[in-house]
Structure formats: C-alpha cells, structure tokens
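Number of protein chains: 2
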Amino acid sequence: MTINRQWLLAARPAGMIGPQNFEYAESPIPTLSAGEVLVKNLFLSFDPTQRNWMVDRPGYLPPVGMGETMRAGSVGQVVDSQHDDFAVGELVQTTGGWQDYAVVAPGQGPMGLTKLPAGVSPEMMLSILGITGLTAYFGLLDIGLPKAGETVLVSGAAGATGSIVGQIAKLKGCRVVGIAGGPEKCRWLKEQAGFDAVIDYKNADVNAQIALHCPEKWDVFFDNVGGDILEAALNHLNLHSRIVMCGGISGYNATDPVPGPANLMNLITNRGRMQGFIILDYLPRAMEAIHELMAWVAAGDIIYQVDLKEGFENIPSTLQRLYTGQNVGKQLLKIANPV
Amino acid sequence: MTINRQWLLAARPAGMIGPQNFEYAESPIPTLSAGEVLVKNLFLSFDPTQRNWMVDRPGYLPPVGMGETMRAGSVGQVVDSQHDDFAVGELVQTTGGWQDYAVVAPGQGPMGLTKLPAGVSPEMMLSILGITGLTAYFGLLDIGLPKAGETVLVSGAAGATGSIVGQIAKLKGCRVVGIAGGPEKCRWLKEQAGFDAVIDYKNADVNAQIALHCPEKWDVFFDNVGGDILEAALNHLNLHSRIVMCGGISGYNATDPVPGPANLMNLITNRGRMQGFIILDYLPRAMEAIHELMAWVAAGDIIYQVDLKEGFENIPSTLQRLYTGQNVGKQLLKIANPV
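So the sequence lines, in the order shown, correspond to chains A and B. The first sequence begins at 1 in the UniProt record's numbering and counts up by one. The second sequence begins at 1 in the UniProt record's numbering and counts up by one.
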C-alpha cells in the first residue's frame, strides 16, 4: 500500500453527527524528518469527547480544522523511524487520527507516543489501560474520593468508562448503583460487573429508581451523561457529596443549548461539590493507574468489554454509535493487523 | 410590657413572599426552666436563606412549621436567666425569631447562644462579625481558595455578604469584579469598597461586561445569585477555577423551577469546581474569622453597610426588601433599645 487513506472533517456538527460530517481522501504516505516516527494505525479509539473536538470553539484541545484529518486515539505499529527510542515493528499508543499512517514524535500531540507494555494487547491499551481506564481511575479516586461504605452512583454505567468506575468503587468497598439504557446492558452490569443495582433509564423513572436503590442517598455521582439524569441525581445527594463531571453525552448532539438542572441549589443545602476534569492532566501519573488496573484485571477483579468493529470505510458510522447508545463497552475499530 | 408580640408563618411561599405569608399574634411572655435564658430581642437579622426555611421541604434546617414563630437571627438582651453563664443585662446573639421574647439555651438552635464580645455593637455582630461576615470569610477563603494575582468575580456584590467578599479578596491581592443592580450600588462598590470593576446587571449585558472586566477570565466566582448570572459567568471561567455557591437569590421567589445554566459542561473543559456550603458548619471556627475581621475593620481595611429599619410592624415587609434588591448592605431591623 502506498497511499494514506484518511477521513477529513468536512462539516462542523449540527445535531447528531454521522458520516455526513466527514470526507474520504487519499494522500501519499508522509515522509519523516529527524526525530519523527511513522506509525501505521491498527486500532482506533472512539470516545464521546471526539464530538467536542469537531466544534469550532475553545476547548481543552484546539478544534480539528476543516479539511484536517479527524483526531483519534490509536494503537499502531512503527513502520519507519528517525528516532533512536523507537524501532520498526514496535507497538505504540498515540493520537494517530483517522488515517492509515501518522507521523508522530514523542512529547507531541495530546497523548504523546508511548510503547505498549509487554503483554498488553492493543485492545487492552485502548480500553482498560488507556484513556478509558485512566478516566475511570483518576476521576473516581482523585475527584470522587469514595470511602468504604459509601454509595457511588454512575451514569453511562455500561459505557467503557462507567463500567470500570463501578467496579473500582466495588473494590473500594462502596455500594454501587448504575444507570444504563436497556435490559441487556443492565443485566451485564448486575450479573457480570457486580453492580449492586442498576437503573434502566429507558424503561424506568430514574428519579424514583435512584430513591429506591440509594436508600441512604449517594455520596459520589460519576456523571457521563448530564441533562435530565444529572437533575434526577441531584434530588438524592447526601451531605458532603461529590459529583465527578466526566461528560455530558446527553447534550453533545443537541442543536440548541440544553438547560442545566433546575435543582443545582441542592449542592448548597447538602454542601456538595461538583468538579470537572480532563484526563490529559493525569497522564504524568498514568503508570500509577496502569499498574493497579493491570493487577485487578489479572486477578479477575475487573472485567471490561470491547465493542470491536472493522474496516476503514466504517470509521464515521462507528463514531455515531457512541451517541446513539449502540456500543456495548469500549468502542474500537480495527484497520489493520500487526505484521 | 407583659405580652410577647410575634409574627407567625401563615402561608407557605408561592412566588414573591411578603406580608401575606405572616400573621401577627400575641402570647404571654414565656417562663423559664432550669438552664434556660429569657432574651428580649433588640435587633433582627434578615437573610436571603430565610425564604428557604419557609418552604416545606428537607433543608439544612427543619422548615418553620405553619403557625410557628418565623425563625430569624437576632441580638438581644438577657432579661431573665436560669443559667449560671448568662446574667441579666448581657447582650447575646442567638436565633430569637420574629418576636419580642425568646427562650433560649446555650447549644440549642442553629446559632446557639453567644455573648457579644466587648466593644462589639449589635449592628456589627449581625453584619460584619456575624453570619454575614463569616459567610464571606469562610466561603471565599476556604472554598474559593483565592491566590494573589487571581481574579475574583462576585455576584450580589452590593449585598451584605458580597461586599465583604470583594474586600477580603482585595486584601488577599486579587483583582475584584462585582456584579450589582443599579448605578448607586455600583458606585459605592467602586468608590468606597475598592472593587476594581463593577457590572450593573440592570443596565448592561452581563456576559459582555464580564469579558471586558475579566480580560484574563476569573479564577473564583462567589455566587449569591444563580440563574442567568451564573450562566454568564460560566462563559468566562479560567482553568482550575472555583465557584463558591453561596446562594441563588434569583430563583428563590420563582413559582416554577428555574433551569440551571446550559453551559455547565464548561466546568469539565476548564477543570472547574463548583461547591456549596452552609455557614453553620463553620461556627466552631467562628473566632478565627471574627478576630481577623475585627482587625480589618479597626484598620479601615474593610467597610460595611447596614440598612437599618425599625418597628415590629415592619418585620414582614423588611424581609421582602432582600428579594427585590432594595436593601443596601446588611438588612437589620431594630425592635427595641437595650436598657
């Protein structure tokens, strides 16, 4: 193969994003300068925050420019190297984007360039040991500060991050209640992931169910969803509770601004704290989390699900799955096999 | 005088509260049991949170019952005592309520029973050195954690709490921007209280004015107001900013739930923290604040305003002044002079 297939940003989001926002293109495989590495992308990571990168407004990363390759986390293989620390054949994690080949350099880009630890598969690196697992780990433990005996409520609980959050909370001695969409996801959370209770937001009154399943209210709410679910949760917060603001996927594809919760003042009455975070800030501490997560996975204390698609042509439609709730666990897509 | 005049809660709030919510009554002056003290109320404190106490829902204090004396902070004089620590004639701070005489005991009621320090007037005790001053002090310093060189934005800035917040922030080396209603209040803040800039929300586009007066965005937002002003503020928060949720007076008298800010997710992008608090939690540490505030007042570093009304019959209408923005500084009402 001598061409570099790419998906470029072709239209800023307006409402639900999908293939119409992207344009297929081909370009020559780029050449390297000193210090650079040519990575062939093997697996792409799909993350709800990618939609935020497509919008032309200030964010925690610069917006993807119109006509630029769509940004995405990835695991790939070094196929050419002008950097002494990276050799052809090595597997690396980086922000390779929606293309076959990426020119990257250590210390550049939002996720830099790191080798996969021995024995770690691309699927593990992009889910439990990657941004997803780190988000769950640092968000819950550093921002949520759960204590044994407390109740932890998780929205988007069957998502890649939410399911890990709940399992870490269980390991810390908490009662864990998840909110997810549909009986299948809920069953998996209860029977496989060990959640104490699960609320199916598509088939139940979330407010009433939180009251039912959190008889002593909740102490930590790890929120991936925002909107109505955040408002329902805010009716049942305990004194000195903590809201970990991880995401607000319910509003990402709205065409008009979505009002916030009408009961925000409950944070005052209950001395609550609501705090946002961006996982990139924690990358210098990544190894703390990776070591502990690897040990938990090896011991069978944490399970994780990967929803794996294939085919370069399916990249745009795969991103959409995140916002329609179709993915079960971490959404990945395989472009190529390692050689 | 042998009767105890009282204002009782007669109707739960629906929309703007006013005299219609209260009923005048007279009862005999109560008699004391062992350990109790009879206090004649001299000055009543008016606080925005009093409306919350009138609503029949769980709060940080039990709701005032229908037909019960309206709860209020007060300074009074001991006129009879069955407690060794309190002598007739002493001035005390307590939660005396809307009545001439209150039976109180140390350690009982939300504010207990404490003597006024030597040289402290009732007006000082109920404003700069009381709940108002403590709210400003601990809210700003403990929750807001301002650092020299940072920008502190304050809503309800001409209010009793807000004006103290801004002045403490100046003493800590911050740039201080206030939001208040009307040119008179704004002028006082700028010319007398030393705010760096003031936004008149009644006569300007708050969003544009925050952008103008916070060229490096804000690091701490001390919010007494909520609603649209909170939403405007959330467009201009700095990385790692802190919102001190003190109150939401803009929504207190709404008949329907008021939606929260549509841009709450900015807290994620900017790693922001939004935290509520109730000053009663800080009462064990009150002397820390009182000593420092007294020193600042003595040195002329902090000024405060008292809006003093008189007359038992004017109590209900005086409470309403808080929600219509009529009060300038701390709203008090004098019932009687000390003997």
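All C-beta atoms in this analysis are idealised placements derived from N, C-alpha and C, irrespective of residue type, glycine included.
{"Check": "Kindly list the residues whose CB is nearer than 7 Å to the CB of GLU231 (chain A), restricted to its own chain and excluding five residues on each side of it in sequence; keep chain order.", "Outcome": "PRO261, ALA262 and ASN263"}
{"Check": "Give the straight-line distance between the Cα atoms of GLY251 (chain A) and TYR323 (chain A), rounded to the nearest whole angstrom.", "Outcome": "10 Å"}
{"Check": "Which residue wins for smallest C-alpha separation from ILE143 (chain A), given the options A:LYS330, A:ALA254, A:PHE43 and A:ASP219?", "Outcome": "A:ASP219"}
{"Check": "Residues in the same chain with beta-carbon distance under 8 Å from ASN253 (chain B), minus the five sequence neighbours each way, listed in chain order, please.", "Outcome": "PRO13, GLY15, MET16, ILE17, ARG51 and TYR323"}
{"Check": "State the start and end residues of the unbroken beta strand (DSSP E) segment that holds MET274 (chain B).", "Outcome": "273-276"}
{"Check": "Quick one: does THR269 (chain A) have its CB under 8 Å from some CB of chain B?", "Outcome": "yes"}
{"Check": "Name the chain A residues whose beta carbon is nearer than 8 Å to that of VAL258 (chain B)?", "Outcome": "ALA262"}
{"Check": "Do the stretch 203-219 of chain A and the stretch 149-157 of chain A meet, that is, are 3 or more Cβ pairs less than 8 Å apart?", "Outcome": "yes"}
{"Check": "Are the C-beta of TYR323 (chain A) and some C-beta of chain B separated by less than 8 Å?", "Outcome": "no"}
{"Check": "Can you tell me where the alpha helix (DSSP H) with ASN224 (chain B) in it begins and where it stops?", "Outcome": "Unbroken run through ASN224 (chain B): none, as it is neither H nor E."}
{"Check": "Just to make sure I have the definition right: I need the residues of chain A whose C-beta is within less than 7 Å of the C-beta of TYR60 (chain B). Which are they?", "Outcome": "THR269"}
{"Check": "Given this structure, state the Cα-to-Cα distance separating ASP205 (chain B) from LYS217 (chain B), to the nearest angstrom.", "Outcome": "16 Å"}
{"Check": "Beta carbons nearer than 7 Å to chain A: which residues of the stretch 275-289 of chain B have them?", "Outcome": "GLN275, GLY276, PHE277, ILE278 and ASP281"}
{"Check": "Given a cut-off of 8 Å on the beta-carbon distance, is the pair LYS330 (chain B) and VAL297 (chain B) in contact?", "Outcome": "no"}
{"Check": "How about GLY73 (chain A) and LEU9 (chain A): do their beta carbons lie closer than 8 Å?", "Outcome": "no"}
{"Check": "Using a 10 Å radius around the Cβ and a threshold of 16 neighbouring Cβ atoms, would you call ALA295 (chain B) buried or exposed?", "Outcome": "exposed"}
{"Check": "With ASP196 (chain B) and GLY181 (chain B) assumed to form a contact (beta carbons below 8 Å), what rounded beta-carbon distance in angstroms separates them?", "Outcome": "About 19 Å; that fails the 8 Å criterion."}
{"Check": "Output the residue ranges of the alpha helix (DSSP H) runs that lie fully inside the stretch 42-114 of chain A and measure 4 residues or longer, sorted by chain position.", "Outcome": "50-53"}
{"Check": "Thinking C-alpha only, which one of B:GLY149, B:ALA233, B:ALA148 and B:ALA158 is nearest ALA136 (chain B)?", "Outcome": "B:ALA158"}
{"Check": "Closer than 8 Å between beta carbons: that is the criterion. Which residues of the stretch 212-227 of chain A meet it against chain B?", "Outcome": "GLY226"}
{"Check": "What residues of chain A sit near GLY247 (chain B), judged by a beta carbon separation below 9 Å?", "Outcome": "MET265 and ILE268"}
{"Check": "Let me check one thing: in DSSP terms, what residues is ARG175 (chain A) bridge-paired to?", "Outcome": "A:THR151"}
{"Check": "Roughly how far, in whole angstroms, is the beta-carbon of SER89 (chain A) from the beta-carbon of LEU42 (chain A), given that I think they are within contact range, below 8 Å?", "Outcome": "The identity of residue 89 (chain A) in the sequence shown is Gly, whereas the question assumes Ser. Not a contact, Cβ separation roughly 12 Å."}
{"Check": "Does ARG51 (chain A) have its Cβ less than 8 Å from a Cβ in chain B?", "Outcome": "no"}
{"Check": "In three-state DSSP terms, what is ILE210 (chain A)?", "Outcome": "helix"}
{"Check": "Of the choices A:ALA193, A:TYR282, A:GLY97 and A:LYS185, whose alpha-carbon is the least far from that of GLN326 (chain A)?", "Outcome": "A:LYS185"}
{"Check": "Run down chain A in chain order and give the residues with a C-beta less than 8 Å from the C-beta of ARG273 (chain B).", "Outcome": "ARG273, MET274, GLN275 and GLY276"}
{"Check": "Please classify ILE3 (chain B) as buried or exposed, where buried requires at least 16 neighbouring CB atoms within 10 angstroms.", "Outcome": "exposed"}
{"Check": "Residues in the same chain with beta-carbon distance under 8 Å from PRO183 (chain A), minus the five sequence neighbours each way, listed in chain order, please.", "Outcome": "ASP200 and ASN203"}
{"Check": "Determine the burial state of LYS40 (chain B): buried for a count of at least 16 other Cβ atoms within 10 Å of its Cβ, exposed for fewer.", "Outcome": "buried"}
{"Check": "For the candidate residues A:MET245, A:LEU237, A:ASN266 and A:ALA160, whose alpha-carbon lies nearest to that of ILE302 (chain A)?", "Outcome": "A:ALA160"}
{"Check": "Please report the Cβ distance between ILE168 (chain A) and ILE229 (chain A), rounded to the nearest whole angstrom; I am assuming they are in contact, meaning their Cβ atoms lie under 8 Å.", "Outcome": "20 Å between Cβ atoms; not a contact."}
{"Check": "Would you decide whether ARG71 (chain B) is buried or exposed? Buried here means 16 or more other CB atoms lie within 10 Å of its CB.", "Outcome": "buried"}
{"Check": "To the nearest angstrom, report how far apart LEU267 (chain A) and MET54 (chain B) are at their CA atoms.", "Outcome": "19 Å"}
{"Check": "Nearest CA to the CA of PRO63 (chain B): which residue from B:GLU310, B:PRO110 and B:ARG285?", "Outcome": "B:PRO110"}
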